[in-house]
Amino acid sequence: MPTLRTDTDVLVVGGGPVGLAAAIECRRAGLDVVVVEPRDGAVDKACGEGLMPGALALLRSWDVEPDGHVLAGISYRQGRRRADHRFRGPAGRGVRRTTLHAALAERAADLDAHVLPGRVTALRTRPDGAVAATVTRGAGQVGAPVPEEVTARWLLACDGLHSPVRRMLGLEETAGPDRRRRFGLRRHYRLPPWGDMVEVHWSPTAEAYVTPVADDLVGVAVLGPRGTDLDAVLADLPELTARLDGAPHDGPVRGAGPLRQRTRRRSLGPVRLVGDASGYVDALTGEGLRVGFAQARAAVATLDDPEAYERAWRAATRDYRVLTSGLVLAATSPLRRAVVPAAQGLPRVYGSVVERLAR
1 MPTLRTDTDV LVVGGGPVGL AAAIECRRAG LDVVVVEPRD GAVDKACGEG LMPGALALLR
61 SWDVEPDGHV LAGISYRQGR RRADHRFRGP AGRGVRRTTL HAALAERAAD LDAHVLPGRV
121 TALRTRPDGA VAATVTRGAG QVGAPVPEEV TARWLLACDG LHSPVRRMLG LEETAGPDRR
181 RRFGLRRHYR LPPWGDMVEV HWSPTAEAYV TPVADDLVGV AVLGPRGTDL DAVLADLPEL
241 TARLDGAPHD GPVRGAGPLR QRTRRRSLGP VRLVGDASGY VDALTGEGLR VGFAQARAAV
301 ATLDDPEAYE RAWRAATRDY RVLTSGLVLA ATSPLRRAVV PAAQGLPRVY GSVVERLAR
């Protein structure tokens, strides 16, 4: 069977929220774009589902306005202790992952971004500087998979935490065992939200994030070490357990991890790593999508200059990397018990950190 061929300006690998945001940005810049994604429809995954004000502003700049529930701030809770900070500026929004994905997919389709169902199974750079990817369509289905070669001037790898493109290009930074390797779990509960803030409940070993995502739906995400069990964490949080008591589950528990991923570089020739594929610290500060959207915008703005993208990537992720790394260090050490008391006792400092991460 002959190989099919497609030429485009930009090939986006990964059709999740960040990949679709990159495709939208490409089309707004007048570039042809092909998005390769093996899964059909709106894809669900473990996610805190809270859009910080900065993420919501970026979505609106792309004319994307997903339905959800207002998020007015962040609340840290540990037993009877609590530290609340309401955003000084515009609110954020809790949005179910599938709702966000569907809204971005609709906007990308409106802008004529082409989605190619399949997986990138091979990648090479051509002598003319373009990138050629072999996309296998129909893998796992009845009949032989159909290969297609997609040639593009640039490739944006938006293929997630465990990016195959990053691995193919040897851009992963390998490290020894890390005692701070953490994992995430998420479940939805069918009940009306009881507040308008993201609640972060600190158990002895993990954090439980409560995010209202609709008028009748609450998401609970848990972050902790390998082996963390969502129900076991909730059992250590009586305030939260009482709120959720009797509420039916809406869908299964979904997991992700290990969360920490490191990269040697974010660009190689015509290839850029974007979003979680470019490296990830932790979900503890809840701003992964804001950072990913900012990287998508920066990648399209610097397609002709790999070093400019490296600089833009560092600028877009600096606060996230520094503040999240520090908080994870505290959360995985004896200092864990002091995090919420410190936030409660230093409200101006806590508020400044929240505002910096939310913008």
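So for the sequence shown, full-length UniProt numbering puts the first residue at 1; every next one is plus one. Each residue gets a CB set at the ideal place from its N, CA and C atoms; glycine is no exception. Treat the numbers as computed from the prediction; the structure is a model and nothing was measured.
Within the continuous beta strand (DSSP E) that includes residue i, where are the two ends?
{"i": "residue 293", "result": "It is not in any beta strand (DSSP E) - residue 293 instead sits in the alpha helix (DSSP H) that spans 288 to 301."}
{"i": "residue 211", "result": "207 to 214"}
{"i": "residue 149", "result": "146 to 157"}
{"i": "residue 161", "result": "Element bounds for residue 161: n/a, residue is neither H nor E."}
{"i": "residue 188", "result": "182 to 189"}
{"i": "residue 370", "result": "The requested residue 370 does not occur in the structure, where the chain is confined to residues 1 to 359."}
{"i": "residue 111", "result": "Segment: none, residue 111 is in no beta strand (DSSP E) and carries neither H nor E."}
{"i": "residue 272", "result": "271 to 273"}
{"i": "residue 220", "result": "217 to 225"}
{"i": "residue 283", "result": "It is not in any beta strand (DSSP E) - residue 283 carries neither H nor E in the DSSP assignment."}
{"i": "residue 255", "result": "254 to 256"}
From the DSSP output, which residues share a beta bridge with residue i?
{"i": "residue 94", "result": "50 and 69"}
{"i": "residue 360", "result": "Missing from the structure shown is residue 360; the chain here goes from 1 to 359 and no further."}
{"i": "residue 263", "result": "172"}
{"i": "residue 249", "result": "189"}
{"i": "residue 133", "result": "123 and 150"}
{"i": "residue 268", "result": "271"}
Following the continuous alpha helix (DSSP H) through residue i, name the residue where it begins and the one where it ends.
{"i": "residue 230", "result": "230 to 235"}
{"i": "residue 326", "result": "306 to 331"}
{"i": "residue 342", "result": "339 to 345"}
{"i": "residue 238", "result": "238 to 244"}
Which residue from the options puts its Cα closest to that of residue i?
{"i": "residue 301", "options": "244, 42, 225 and 156", "result": "156"}
{"i": "residue 66", "options": "89, 87, 106 and 31", "result": "106"}
{"i": "residue 21", "options": "147, 221 and 102", "result": "102"}
{"i": "residue 346", "options": "76, 14 and 35", "result": "76"}
{"i": "residue 356", "options": "285, 23 and 281", "result": "285"}
{"i": "residue 343", "options": "85, 193 and 50", "result": "85"}
{"i": "residue 201", "options": "137, 330, 233 and 94", "result": "233"}
{"i": "residue 263", "options": "270, 251, 207 and 281", "result": "281"}
{"i": "residue 255", "options": "228, 184 and 309", "result": "184"}
{"i": "residue 350", "options": "31, 10 and 83", "result": "83"}
{"i": "residue 134", "options": "224, 168, 58 and 303", "result": "168"}
{"i": "residue 124", "options": "159, 170 and 92", "result": "170"}
{"i": "residue 227", "options": "130, 283 and 181", "result": "181"}
{"i": "residue 163", "options": "323, 287 and 273", "result": "273"}
{"i": "residue 146", "options": "109, 119, 152 and 322", "result": "119"}
{"i": "residue 64", "options": "108, 89 and 87", "result": "108"}
{"i": "residue 165", "options": "122, 173 and 153", "result": "122"}
{"i": "residue 13", "options": "336, 318, 278 and 335", "result": "278"}
{"i": "residue 60", "options": "311, 290 and 30", "result": "290"}
{"i": "residue 319", "options": "87, 335, 216 and 288", "result": "288"}
{"i": "residue 130", "options": "117, 149 and 154", "result": "154"}
{"i": "residue 243", "options": "172, 218 and 336", "result": "218"}
{"i": "residue 58", "options": "327, 241 and 25", "result": "25"}
{"i": "residue 28", "options": "316, 306, 137 and 110", "result": "110"}
Which whole-angstrom value describes the C-beta separation of residue i and residue j, a residue pair presumed to lie in contact below a C-beta threshold of 8 Å?
{"i": "residue 248", "j": "residue 190", "result": "5 Å"}
{"i": "residue 221", "j": "residue 48", "result": "5 Å"}
{"i": "residue 204", "j": "residue 236", "result": "6 Å"}
{"i": "residue 266", "j": "residue 313", "result": "5 Å"}
{"i": "residue 50", "j": "residue 94", "result": "5 Å"}
{"i": "residue 23", "j": "residue 132", "result": "About 19 Å separates the two Cβ atoms, so there is no contact after all."}
{"i": "residue 199", "j": "residue 115", "result": "Not a contact, Cβ separation roughly 36 Å."}
{"i": "residue 276", "j": "residue 292", "result": "7 Å"}
{"i": "residue 43", "j": "residue 8", "result": "Incorrect: roughly 22 Å between the Cβ atoms, too far for contact."}
{"i": "residue 214", "j": "residue 69", "result": "6 Å"}
I want to check one thing, is the minimum distance from the CB of residue i to the heavy atoms of the ligand ATP below 6 Å?
{"i": "residue 205", "result": "With respect to the ligand ATP, the structure shown offers nothing to examine, as it has no ligands at all."}
Compare the C-beta of residue i against all C-beta atoms of chain C and say whether one is closer than 7 Å.
{"i": "residue 299", "result": "Of the chains in the structure shown, none is chain C; there is only one protein chain."}
Which runs of the alpha helix (DSSP H) fall wholly inside the stretch 4 to 38 and span at least 4 residues, in chain order?
17 to 28
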